[in-house]
Structure formats: C-alpha cells, structure tokens
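> Residue numbers (our numbering): 45 to 461.
C-beta: ideal position from N, C-alpha, C; glycine also.
No experiment lies behind these values; they were computed from the predicted model shown.
#1: What are the uninterrupted segments assigned as beta strand (DSSP E) that are 3 or more residues long and contained completely in the region 235–311, given in chain order?
#2: Tell me which same chain residues have a C-beta within less than 8 angstroms of the C-beta of residue 289, skipping the five on either side of it?
#3: Quick one: what's got a C-beta closer than 8 angstroms to residue 177's C-beta in the same chain, skipping five residues either side?
#4: Skipping 5 residues on each side, what residues in its chain have a beta carbon closer than 6 angstroms to that of residue 311?
#5: Starting from residue 379, follow the beta strand (DSSP E) in both directions and report where the run begins and ends.
#6: Excluding the 5 residues preceding and the 5 following residue 49 in the sequence, name in chain order all residues of the same chain whose CB lies nearer than 6 angstroms to its CB.
#7: Rounded to the nearest angstrom, what separates residue 180 and residue 436 at their Cα positions?
#8: Could you check the C-alpha separation between residue 456 and residue 327 for me, to the nearest Å?
#9: Can you give me the C-alpha to C-alpha distance between residue 361 and residue 271, rounded to a whole angstrom?
#10: Using C-beta distances below 6 angstroms, list every residue in its chain close to residue 458, excluding the 5 sequence neighbours before and after it, in chain order.
#11: Kindly examine the ligand FMN and report whether one of its heavy atoms sits closer than 7 angstroms to the Cβ of residue 107.
#12: I need the straight-line Cα distance from residue 363 to residue 338, nearest angstrom please.
#13: Return the chain-ordered list of same chain residues with a C-beta closer than 6 angstroms to the C-beta of residue 77, the five sequence neighbours on each side being excluded.
#14: Rounding to the nearest angstrom, what Cα-Cα distance links residue 122 and residue 313 in this structure?
#15: Of the residues 220, 309 and 242, which one's Cα is nearest the Cα of residue 266?
#16: Taking DSSP's pairing of strands, which residues face residue 55 in a bridge?
#17: Return the CA-CA distance between residue 54 and residue 82, expressed in angstroms with no decimal places.
#18: So what does DSSP say about residue 205, is it helix, strand or coil?
#19: By the three-class DSSP mapping on this structure, what secondary structure does residue 336 have?
#20: Measure from the alpha carbon of residue 369 to the alpha carbon of each residue in 447, 319, 392 and 325, then state which is nearest.
#21: To the nearest angstrom, how far is it from the Cα of residue 306 to the Cα of residue 389?
#22: Within the region 421–448, note down every full alpha helix (DSSP H) run reaching 4 residues or more, in order along the chain.
#23: Going by DSSP, name the residue or residues bridged to residue 147.
#24: Nearest CA to the CA of residue 74: which residue from 245, 98 and 223?
#25: Can you name the residues that DSSP bridges to residue 171?
#26: DSSP puts residue 73 in a beta bridge; with which residues?
#27: Looking at C-alpha atoms only, which residue of 367, 350, 393 and 159 is the closest neighbour of residue 358?
#28: Thinking C-beta only, is residue 335 closer than 8 angstroms to residue 483?
#29: According to DSSP, what are the bridge partners of residue 233?
#30: Under the rule that 16 or more other beta-carbon atoms within 10 Å means buried, what is residue 204, buried or exposed?
#31: Cutting at 8 angstroms between CB atoms, please list the residues of its own chain near residue 150, excluding the five before and the five after it.
#32: List the endpoints of the continuous alpha helix (DSSP H) containing residue 26.
#33: Quick check on the DSSP output: the alpha helix (DSSP H) that includes residue 183 runs from which residue to which?
#34: Based on DSSP bridge pairs, tell me the residues matched to residue 410.
Structure below.
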C-alpha cells in the first residue's frame, strides 16, 4: 500500500526585525505547539517543519509562497545551526543578494530559484519549492497561487497548511483552494495551524500554536452534506458522526435498500434510536439532525410515499430516468394496497395492480397512467415512443415534467381514495 504523501504549505511575510540593538536580524519567537513542546525561529514555517518531523509527520514537500518583499533570506534558519554557518560561508554572496533584493522589493523568481537550489543541497529528502506568487491582490496573482498549490499537492495527499504569515487574505484564499483540492485530487486530510504571535501572555511568554481542527471537520461535513443534497445518498453523513462500526454498517444497509427500493424499516428504526441518544458537538449535532430527519420515514411513510418522495428528488436534480421509474412503481405499489393484489414487493402483485388500475380508474386517470407507463418504457428502453406527446416529452424537459406532475397528482388522488 502506497504511503500517503505529506505536503506542508507556508506563506512567508516581510518579517519583524529585532528591537534589541545588540541583536541583528529578524526577531526570534518561541512557539508553543498543542502538545506543549516549544520551538524557536524567526519564521514560523521553520519551527513548524521541525515539529512535524518530531511527530513523525515530516512532509516530503514544502511549498513556501511569498512576494518580492518576503524575508526569503531567513529561510536558511530551517537548517541546523552548523549547516547554517556552512551555508553562509559557502553561499554568503547569494544570501546577501537575496537579502538586498527583498529589501528593495525586487526578489523575483529567478533569484529565488537560485536560493532554492542552494537550500535544497542542505535539506535532505525534502522537495523544497519557493514561489514568488505576489500578494494575491489581483486575480492574476491569485491564479498563480492556485497553480503553485495545485501543482505541489499530489493525489490523495495529506496537507498541513501554515496560515501564520503573509497578508490576512492569502491564508483565507488558500483554505478555499484546499476545499476544491479535496475533491479535485482526493486529498485525505488538510489541517490548519496558526502561530498566534499576538496571543502571547507577556513579553517573554511563548506564542501559542493553534491547531484549527474544526476547519477540517467543517470541510468534511460540508462535503457529506453536499453529496446528500445533490444525490440523496445519506451514508456519508454517518462518517462524520462518532458511531461504532456496526451502526455505520446499518446506515449503509438502509442507504442501499433505499437505492434498490427494498424494505429496511426495522434497521432504520434501530439507527434512529442510536441517533436519539447521541451526544455530540454542535457541528456533528447538525449533521445528526439531518440524518435523523432523513430516516423519519421509517416511523410513518409507506413504500409508495417513499418512492414518490425519491422520484421528486430525482426530478429536481435532473435524474429523469430515476424519476419516471420511481413514479411508475409508486403508482403500482399504491395499486397493490388499494386492490389487495398481494405482496407489493413481487412483480406478480404489481402487474395485477396495474390491470386493476386500468380497469377501475376514471377514463382521464387511465390516460394519465398510460402516459406514465409509455414514457417510462421509452426512457428505460431507449425508445422514441409511439405517441406524439411521449416523443415531445423525450425532446423537452418541460414536457417531461408536465407528464410527471400529472402522475404525481394521480398518486395523491389514489391516496385520498
């Protein structure tokens, strides 16, 4: 099994110079991570990288994005102290060139590429990518940022997003990009971290590092909800909830039964009892409420009602084949109940119900039923239909929907009868 690729992403800003006249260079900050450990660095990304390595989460790739004024020169601080000294001894002129370029706001990609190549020589087993993407103040700059992020993140990767530095809007934009990348590249997870410099409780106190774990939960919950709202598949909702394996399997069993028009009322009721006793945080509670509402049919709906509800959902989402099949079968199931033709789960009983409906309904209602049957057959078998009204429905969605609505009203009349 292939190991999941890990990618760290950081923004690099202009940096803060030390206020102590005896200390040259950037201000060094002590960061305290969620596990209580501390790391000191001029650039949070360097401390973050060391912390990830200690947690056995060392990334294979590190993307650092900034502007022509970012403190690119400070990146040598990611190296061990002895390697820093060696780098400055061997490449001091280039370091000075990078420093001068950023001071003048002229650090372009060509200079940064040379700097990246030098740093890579000291960073083992790390694919370092330094990219001058601009301030993301224009759509062009934002698109450059997207291109670099999308290029750096592999299929199925796990991403650690450092939102400490850079302009405030850059990390916000990156977070939205990550939501898209979750679907585009099947990202396993993305986690956000923020080195909160302004939250230190005193001059010499460490700066807390905040793990914004709620962001990942919200993204996963949003995706599960989107799948449900667009397809009707509620199984992904259960993955957001702290349910044991057996309960999740029951949810999947009910979801499968729903898609195959089978009975799963008792299993759905078991899941509902579990949901009624579930104690979770507000985000998961909102997901549980939707799942609970979705399964409420187990307490009150009959099979024909369920089929009609699903048929309407399918029509609303442009799933015309599914919509007309479900509507037609809902009418037959209702006929089984009205005329007691037998078990509605058997084709023999439904065929008898169809015959009874055609013999006992009012002539206008029989015409509606026949239109539904003809349209269903044409759609299922890929035919053109013999009657003009069916041919029109196959050419026009509005004509299709008119026939569907006629069938819906017919089912309502059968219920009233």
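Put simply:
#1: The region 235–311 is shown to contain whole beta strand (DSSP E) runs of 3 or more residues at 251–255, in chain order.
#2: Counting from 1 along the chain shown, the entry for residue 289 is found at position 245. Correct list: empty, nothing qualifies.
#3: Along the chain shown, read from residue 1 onward, the residue named residue 177 stands at position 133. Counting only Cβ-Cβ distances below 8 angstroms, and skipping sequence neighbours, we find 109, 110, 111, 185, 188, 189 and 192.
#4: Translated into positions along the chain shown, residue 311 becomes position 267. The answer, listed in chain order, is 294, 297 and 298.
#5: Residue numbering aside, residue 379 sits at position 335 when the chain shown is read from its first letter. Taken as a continuous stretch (DSSP letters only), residue 379 belongs to no beta strand (DSSP E), being part of the alpha helix (DSSP H) at 364–383.
#6: Along the chain shown, read from residue 1 onward, the residue named residue 49 stands at position 5. Only 104, 198 and 201 meet the Cβ criterion.
#7: The residue labelled residue 180 in the question sits at position 136 within the chain shown. The residue labelled residue 436 in the question sits at position 392 within the chain shown. Spanning the two alpha carbons is a distance of roughly 51 angstroms.
#8: Numbered from its first residue, the chain shown carries residue 456 at position 412. Numbered from its first residue, the chain shown carries residue 327 at position 283. Rounded to the nearest whole angstrom, the C-alpha separation of residue 456 and residue 327 is 37 angstroms.
#9: Counting from one through the chain shown, the residue named residue 361 turns up at place 317. Counting from one through the chain shown, the residue named residue 271 turns up at place 227. Taking C-alpha positions only, residue 361 is separated from residue 271 by approximately 12 angstroms.
#10: Here the question's residue 458 lines up with position 414 in the chain shown. Within the same chain, residue 458 has close Cβ partners 378.
#11: For the ligand FMN, the structure offers nothing, since it holds no ligand at all.
#12: Translated into the one-based positions of the chain shown, residue 363 becomes position 319. Translated into the one-based positions of the chain shown, residue 338 becomes position 294. One C-alpha to the other measures close to 19 angstroms.
#13: Position 33 of the chain shown, counted from the first residue, corresponds to residue 77. Excluding its 5 nearest sequence neighbours in each direction, residue 77 has C-beta neighbours in its own chain below 6 angstroms: 95 and 253, listed in chain order.
#14: Sequence index remark: in the chain shown, residue 122 carries index 78 (1-based). Sequence index remark: in the chain shown, residue 313 carries index 269 (1-based). Take the alpha-carbon of residue 122 and the one of residue 313: they are about 56 angstroms apart.
#15: Counting from one through the chain shown, the residue named residue 266 turns up at place 222. Nearest C-alpha to residue 266: 220.
#16: In the chain shown, the residue the question calls residue 55 occupies position 11. DSSP output for residue 55 lists 109 as bridge partner(s).
#17: Taking the first residue of the chain shown as 1, we reach residue 54 at position 10. Taking the first residue of the chain shown as 1, we reach residue 82 at position 38. Answer to the nearest angstrom: the Cα atoms are 19 angstroms apart.
#18: Position 161 of the chain shown holds residue 205. Three-state result, residue 205: strand.
#19: Mapped onto the chain shown, residue 336 falls at position 292. Three-state DSSP puts residue 336 in a helix.
#20: The residue given as residue 369 occupies position 325 in the chain shown. Cα-wise, what sits closest to residue 369 is 447.
#21: Here residue 306 is taken as the residue at index 262 of the chain shown, counted from 1. Here residue 389 is taken as the residue at index 345 of the chain shown, counted from 1. If I take the Cα positions, the gap works out to 8 angstroms.
#22: If we require 4 residues or more, the alpha helix (DSSP H) runs fully inside the region 421–448 come out as 432–439.
#23: Translated into positions along the chain shown, residue 147 becomes position 103. Note: residue 147 sits in no beta bridge, so no partner.
#24: Against the chain shown, residue 74 aligns to sequence position 30. Closest option to residue 74, judged by alpha-carbon separation, among 245, 98 and 223: 245.
#25: For the purposes of this step, residue 171 is identified with residue 127 of the chain shown, where counting begins at 1. Paired residue(s): 105.
#26: In the chain shown, residue 73 corresponds to position 29, counting from 1. 85.
#27: Position 314 of the chain shown, counted from the first residue, corresponds to residue 358. Answer by Cα proximity: 367.
#28: The shown model of the chain, from 45 to 461, leaves out residue 483, and the question about it has no answer.
#29: Sequence index remark: in the chain shown, residue 233 carries index 189 (1-based). In the DSSP assignment, residue 233 is bridged to 202.
#30: Here residue 204 is taken as the residue at index 160 of the chain shown, counted from 1. Buried.
#31: Here residue 150 refers to the residue found at position 106 when the chain shown is read from its first residue. 112, listed in sequence order.
#32: Absent from the model: residue 26. The displayed extent of the chain is 45 to 461, so no value can be given.
#33: For the purposes of this step, residue 183 is identified with residue 139 of the chain shown, where counting begins at 1. Residue 183: member of the alpha helix (DSSP H) spanning 183–196, first to last residue.
#34: One-based indexing of the chain shown puts residue 410 at position 366. DSSP output for residue 410 lists no bridge partner at all.
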